[in-house]
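Trainee: Listed in order, the protein sequences are those of chains A and B. If you're matching positions, the first sequence starts at 1 in our numbering and goes up one per residue. If you're matching positions, the second sequence starts at 481 in our numbering and goes up one per residue. Each residue gets a CB set at the ideal place from its N, CA and C atoms; glycine is no exception. Please read these numbers as outputs of a predicted model, since none were measured by experiment. Provided herewith is a single structure, encoded as C-alpha cells, for subsequent inquiry.
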Amino acid sequence: MKVLIFFTVILSFQVCAQFSGTTLLEYQYGRLPNANEAAFHGVYSKPILNYSWNNLKATVGLQIYQSPFNKRNYTDLSWLGVNYKNKKWEISLGNFNSTLERGVLLRSYEIQGALLEDLSFRGKHYFYRDVLGAKVGFRRKSFSVSALWGHVLNNVFPPSQPKKDRRSDEIAALSTTFKSFQQTLGVSGIRIKNILEESYYGSSNLSGSILPYLSYYVLVAKKLNTITTESSSQAIYGNLNFSFNSLGLSAEWKDYKNFVLGSGINEPPALVKEHTYRVLNRSTHVLNPSNEKGVQFEGYFNLTDNTSLTLNYTQAINDSGKKFRYEEWFGEYSSIFSEQTDYRIFLDYATDELKNQRNRISSGFVANHRINSSIQNITIEFNTQSYKQDQFKTKNYVGEITLRYKKNLFLSFLYEWSNDRFLTNDTRTWYGTTLNYKINSTNSFSIFGGERRGGPACNAGVCYEILDFKGIEIRWSTRF
Amino acid sequence: MIRFLYVAVFLIGTCTTGHSQKIRDFLLDDIAGQTYSFADLKGEHLTIIDFWASWCKPCLKAMPKLEILQKKYEDNGVNLISINADGPRSIAKVAPLVRSLGIKNIVLKDINNEVMNDLNVFQLPTLLLIDNKGQVVFRHEGYTEGDEKVIEMQIMKILGEIE
Chain A
1 MKVLIFFTVI
11 LSFQVCAQFS
21 GTTLLEYQYG
31 RLPNANEAAF
41 HGVYSKPILN
51 YSWNNLKATV
61 GLQIYQSPFN
71 KRNYTDLSWL
81 GVNYKNKKWE
91 ISLGNFNSTL
101 ERGVLLRSYE
111 IQGALLEDLS
121 FRGKHYFYRD
131 VLGAKVGFRR
141 KSFSVSALWG
151 HVLNNVFPPS
161 QPKKDRRSDE
171 IAALSTTFKS
181 FQQTLGVSGI
191 RIKNILEESY
201 YGSSNLSGSI
211 LPYLSYYVLV
221 AKKLNTITTE
231 SSSQAIYGNL
241 NFSFNSLGLS
251 AEWKDYKNFV
261 LGSGINEPPA
271 LVKEHTYRVL
281 NRSTHVLNPS
291 NEKGVQFEGY
301 FNLTDNTSLT
311 LNYTQAINDS
321 GKKFRYEEWF
331 GEYSSIFSEQ
341 TDYRIFLDYA
351 TDELKNQRNR
361 ISSGFVANHR
371 INSSIQNITI
381 EFNTQSYKQD
391 QFKTKNYVGE
401 ITLRYKKNLF
411 LSFLYEWSND
421 RFLTNDTRTW
431 YGTTLNYKIN
441 STNSFSIFGG
451 ERRGGPACNA
461 GVCYEILDFK
471 GIEIRWSTRF
Chain B
481 MIRFLYVAVF
491 LIGTCTTGHS
501 QKIRDFLLDD
511 IAGQTYSFAD
521 LKGEHLTIID
531 FWASWCKPCL
541 KAMPKLEILQ
551 KKYEDNGVNL
561 ISINADGPRS
571 IAKVAPLVRS
581 LGIKNIVLKD
591 INNEVMNDLN
601 VFQLPTLLLI
611 DNKGQVVFRH
621 EGYTEGDEKV
631 IEMQIMKILG
641 EIE
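Written out as C-alpha cells, the structure reads:
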C-alpha cells in the first residue's frame, strides 16, 4: 500500500503539473421584468480542461445549461481540440480561433465571462465564435503562411439547436504575409460555402512605418466570383497613425459594400469608439457592413504624468437607398485632485439619424478616492444623457458607487433612471447591488441582486444585446 | 484503500489550487512591425508579462509604473514584455497611444488574443511573472495605485529564491 501511495503521489504531481483549466458557474433565479413569466432557476456551467505536454496542448470543454424548461436545456461538448505550437509552426485540430485581415474576412473571438441569452431561444450560452476544423501555420520573422478549413460557429443559435444550424458556413482559407524594410504585405483568400451560396473573397493589405512617428495600414477586399455589378462586394479600410512627444493621433476610414460574409462570420473594423461609460456604450452605433462608409479620428495628449486628454470624432453613413448619418464628438479629461483622488470627466455630442436621435448630449464623471493607503477605496460614477426623438425628449441617468476593501472585496450599488418611451410610458428605475470577492488568484465569486437594464452592449469590438433581468445571480469562476 | 482514496482526493485538490501553467513560445509583431518571440524578450531570471488594452484605464495607469520597476531590476535579469490585447476595432489607436505615454519598452500586439487565451487571462490588466523555466509563478489582476509595491515584493521574493 505504501508503494502504491508513493507512486500515486509522484505520478499525480507529474500529471498535475501538466493540467490547466477554467470553470465558470452561474446560477440565476429571476425573470425578464417585461415578460409574462414567473421567476425560475437556471444554472449554466462551462468547465474547460487543458492538458499540456511540451509544445502540445489538448483541450476539452463542456457547456451545460439547466432550467425548468426542457427545450432550453442542453449539455454540449463545445471544445475539443489539439494544438501544437512552437516558434515556427502552429497546427490545430478541432476547435480553434482564427482572425483574417483584421476581421474583414473572418473574426473569431471570445468575450471573457460574457453569456448570451437570446429572446427567442432563452437558453444561455458562452459568447464566442470559433472554427471547428483544422489549421496549419508556418511563421518566420520575414514571412508567414497559414491555411485553414472548418465550420464557423454562428453564435446566434444556442447549443440546444441542431449542429448544422450552428455551423452552417464551411470555410477554406489561405493567408500569407511578407516583410521587408519595415513594410508588410499580406494577401488572403477565403472560400465560403453554405446552403445558399459558394463565394470566394480575396484581400490584400499593406502596412508599415513611413517615418519613426508615422505608420499606416491599408486593406482592400473583394468578392471574386461576382456575376453582376449589383451584387459586387468590397471592403476598403485604412488607417494612419502619427505621434510626436506626448501627442498621438490616429485617422481611420472605411468603405464597406455588401460585405457580410456567410451568416456573418466576419467583423470588419467598426471605426466607432467603444466607450466604457454605460450611457455611451449602450447607445453606440452598430456597424452594418452591407452599406457603410465613414471616418474616425482620435487624439491623445498627455499633459503631465497624471493628466491626459482624449478627443474623438466618428462619422458613419449608411446608404440603403436612403442615407442615414451617425456623427459623434467625444472628449475625455482625466487627472488627479490629490495623491489619493483621481477623476475622469467626459462630454459627448451625437446625432443618430437611423435611430432618429438628435442632439444627443451625454456627460459624466468617475472619481476614485483611496483611503488608508489603498486598503479601502471608493469609486463614484455618474452619467447623464438626453436626446430628442420624434419631438420627445428622452433622458437617462446612471449612478454607481463601488466600495473596495483590501484587494479582493468589492461592493457596488447601481441606480438607473429613464423616461425612454420604448421602455416605459412614464419613468422607470433600476436598482442593483453586486458583491465581488476574489477568494485567491484562482477563484472569484460574485453575487448580484436587483434589476438590470438590458440593451445593446459592445465588448472587445463585438456588439450584442443584453436582456433585462430581475432577480439574483451568483457566479463562481476558477482557473487552475 | 481508504488511505489511497484520501491521497487521491488530496492530490485532485492540489491540482485545482495549484499554479502550474507553463508558457509556450510565441511570435508576435510589435507596434513598429518587428516580430519577436518570447525567447527573444524573456529575462534571464524573471519575465514580467503585462496584458493591457487601449480602452482599459487602469492598464494605462499601470504601464509607466511597470516600466520603472523593470528598469530598477533589469540588472538582476528581469525583463518586461508588454502585450496589447486590442482587437481589430481599436488596434489602430495602440501605436500613437503608447508613444504619447512615452513608453519605451517593446509593445507586442496580440490582436487575435492567442497568447492571452493560451495563458487563461480573463481580465485586463493581468500581470504574470514567469520564471526562467517558463513557469507562471505569480498572477495579478487589475490595478490600483500601490499595486506596484505588491508586484515588487513578489519580484524580490522570486529573485531572492533564485540567489
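Out of B:Ile-631, B:Pro-576, B:Thr-527 and B:Ile-591, point me to the one whose CA is closest to Leu-560 of chain B's CA.
Mentor: Cα-wise, what sits closest to Leu-560 of chain B is B:Thr-527.
Trainee: Starting from Glu-101 of chain A, follow its DSSP beta bridges and name the residues at the other end.
Mentor: Glu-101 of chain A pairs with nothing; no bridge assigned.
Trainee: Just verifying my parser: in three-state terms, what is the DSSP assignment at Ile-548 of chain B?
Mentor: Reduced to three states, the DSSP call for Ile-548 of chain B is helix.
Trainee: Any beta carbon from chain B within less than 9 Å of Ser-246 of chain A's own beta carbon?
Mentor: Cβ-Cβ to chain B under 9 Å: yes for Ser-246 of chain A.
Trainee: Residues bridged to Leu-403 of chain A by DSSP?
Mentor: In the DSSP output, where bridge partners are listed per residue, Leu-403 of chain A has A:Ile-378 and A:Leu-411.
Trainee: Note down, in chain order, every chain A residue with its Cβ under 8 Å from the Cβ of Lys-597 of chain B.
Mentor: The identity of residue 597 of chain B in the sequence shown is Asn, whereas the question assumes Lys. Ordered by position in chain A, the residues that pass the 8 Å Cβ test against Asn-597 of chain B are Asn-97 and Glu-110.
Trainee: Would you verify that the beta carbon of Asn-559 of chain B is, or is not, closer than 9 Å to some beta carbon of chain A?
Mentor: Judged by the 9 Å Cβ criterion, Asn-559 of chain B is not in contact with chain A.
Trainee: Roughly how many angstroms lie between the CA atoms of Ala-316 of chain A and Leu-309 of chain A, to the nearest whole one?
Mentor: Distance between the alpha carbons of Ala-316 of chain A and Leu-309 of chain A: 24 Å.
Trainee: Once DSSP output is grouped into helix, strand and coil, what is the label at Ile-511 of chain B?
Mentor: Ile-511 of chain B falls in the coil class under three-state DSSP.
Trainee: From the DSSP secondary-structure annotation, give me the bridge partner or partners of Gln-183 of chain A.
Mentor: Partner(s): A:Ser-180 and A:Gly-208.
Trainee: Of all Cβ atoms in chain A, is any one closer than 9 Å to the Cβ of Gln-634 of chain B?
Mentor: No, Gln-634 of chain B does not count as interfacial toward chain A.
Trainee: As an exercise, report each continuous alpha helix (DSSP H) stretch of at least 4 residues that is fully enclosed by the region 258–294 of chain A, in chain order.
Mentor: Taking only runs of at least 4 residues, the alpha helix (DSSP H) segments lying wholly in the region 258–294 of chain A are 278–282.
Trainee: Measuring CB to CB, does Thr-99 of chain A end up less than 9 Å from Asn-592 of chain B?
Mentor: Contact flag set, yes.
Trainee: Under 8 Å, with one C-beta from each stretch per pair, do the region 416–424 of chain A and the region 438–445 of chain A reach the 3-pair mark?
Mentor: Because the criterion of three Cβ pairs below 8 Å is not met, the region 416–424 of chain A and the region 438–445 of chain A do not touch.
Trainee: Taking the alpha carbon of Lys-273 of chain A as the point to measure from, which residue in A:Pro-159, A:Leu-311 and A:Val-131 has its own alpha carbon closest?
Mentor: Ranking A:Pro-159, A:Leu-311 and A:Val-131 by Cα distance to Lys-273 of chain A puts A:Leu-311 first.
Trainee: Any residues in the region 561–593 of chain B with a beta carbon nearer than 9 Å to a beta carbon of chain A? Which ones, in chain order?
Mentor: Listed in sequence order: Ala-565, Asp-566, Gly-567, Pro-568, Arg-569, Ser-570, Ile-571, Ala-572, Lys-573, Val-574, Ala-575, Pro-576, Leu-577, Val-578, Arg-579, Ser-580, Leu-581, Gly-582, Ile-591, Asn-592 and Asn-593.
Trainee: Under 7 Å between beta-carbons, which chain B residues line up against Ser-362 of chain A? List them in chain order, please.
Mentor: Within 7 Å Cβ-Cβ: nothing; Ser-362 of chain A doesn't reach chain B, min ~17 Å.
Trainee: Does Ile-195 of chain A come out as helix, strand or coil in the three-state DSSP assignment?
Mentor: Reduced to three states, the DSSP call for Ile-195 of chain A is coil.
Trainee: Any C-beta of chain A sitting closer than 9 Å to the C-beta of Pro-544 of chain B?
Mentor: Closer than 9 Å to some Cβ of chain A, the Cβ of Pro-544 of chain B qualifies, so yes.
Trainee: State buried or exposed for Leu-303 of chain A, treating a residue as buried only when at least 16 other CB atoms are found within 10 Å of its CB.
Mentor: Result: exposed.
Trainee: Rounded C-beta distance between Gln-63 of chain A and Tyr-126 of chain A? I'm assuming under 8 Å.
Mentor: Their Cβ separation, rounded to whole angstroms, is 6 Å, which keeps Gln-63 of chain A and Tyr-126 of chain A in contact under 8 Å.
Trainee: In chain B, which residues lie with their C-beta within 7 Å of the C-beta of Thr-184 of chain A?
Mentor: Chain B residues near Thr-184 of chain A: Gly-513.
Trainee: Report the rounded CA-to-CA distance for Thr-478 of chain A versus Ser-215 of chain A, giving the unit in angstroms.
Mentor: So the alpha carbons of these two residues sit roughly 41 Å apart.
Trainee: State the DSSP-derived secondary structure class of Gln-340 of chain A, mapped to helix, strand or coil.
Mentor: Residue state, collapsed to three classes: coil.
Trainee: If you draw a straight line from the alpha carbon of Tyr-74 of chain A to that of Ala-114 of chain A, how long is it in whole angstroms?
Mentor: The straight-line gap from Cα to Cα measures roughly 18 Å.
Trainee: Consult DSSP for Asp-494 of chain A and reduce its assignment to one of helix, strand or coil.
Mentor: Lying outside 1 to 480, the shown extent of chain A, residue 494 of chain A is not represented and no answer is given.
Trainee: Counting only the same chain and skipping the five closest in sequence on each side, list residues whose C-beta sits under 6 Å from that of Asp-118 of chain A.
Mentor: For Asp-118 of chain A, where only same-chain residues beyond five positions count, there are no Cβ hits under 6 Å.
Trainee: Where does Trp-535 of chain B land, buried or exposed, given buried means 16+ other C-beta within 10 angstroms?
Mentor: Buried, since its Cβ has 16 or more Cβ neighbours within 10 Å.
Trainee: Per the contact definition of three or more C-beta pairs closer than 8 Å, is the region 538–545 of chain B in contact with the region 508–516 of chain B?
Mentor: Judged by Cβ distances under 8 Å, the region 508–516 of chain B makes no contact with the region 538–545 of chain B, as fewer than three pairs qualify.
Trainee: Run through chain A and tell me which residues come within less than 7 Å of Trp-535 of chain B, C-beta to C-beta.
Mentor: Simply Glu-274 and Thr-276.
Trainee: Run through chain A and tell me which residues come within less than 9 Å of Phe-602 of chain B, C-beta to C-beta.
Mentor: The contacting residues are Thr-22, Gln-112, Gly-113, Ser-444, Ser-477 and Arg-479.
Trainee: Please report the straight-line C-alpha distance between Leu-105 of chain A and Arg-191 of chain A, rounded to a whole angstrom.
Mentor: Each residue's Cα considered, the two are about 10 Å apart.
Trainee: Short check: CB of Ile-171 of chain A to CB of Ala-134 of chain A, under 9 Å?
Mentor: No, Cβ-Cβ distance for Ile-171 of chain A and Ala-134 of chain A is not below 9 Å.
Trainee: Name the residues in the region 142–153 of chain A whose C-beta lies less than 7 Å from a C-beta of chain B; which are they?
Mentor: Going along the region 142–153 of chain A in chain order, one finds no residue with a Cβ nearer than 7 Å to chain B.
Trainee: Determine, using beta carbons only, whether Asn-86 of chain A comes closer than 9 Å to chain B.
Mentor: Output row for Asn-86 of chain A: interface = yes.
Trainee: Interface residues of chain A around Asp-505 of chain B at Cβ under 7 Å?
Mentor: Under the 7 Å cutoff, chain A gives Asn-86 and Lys-87.
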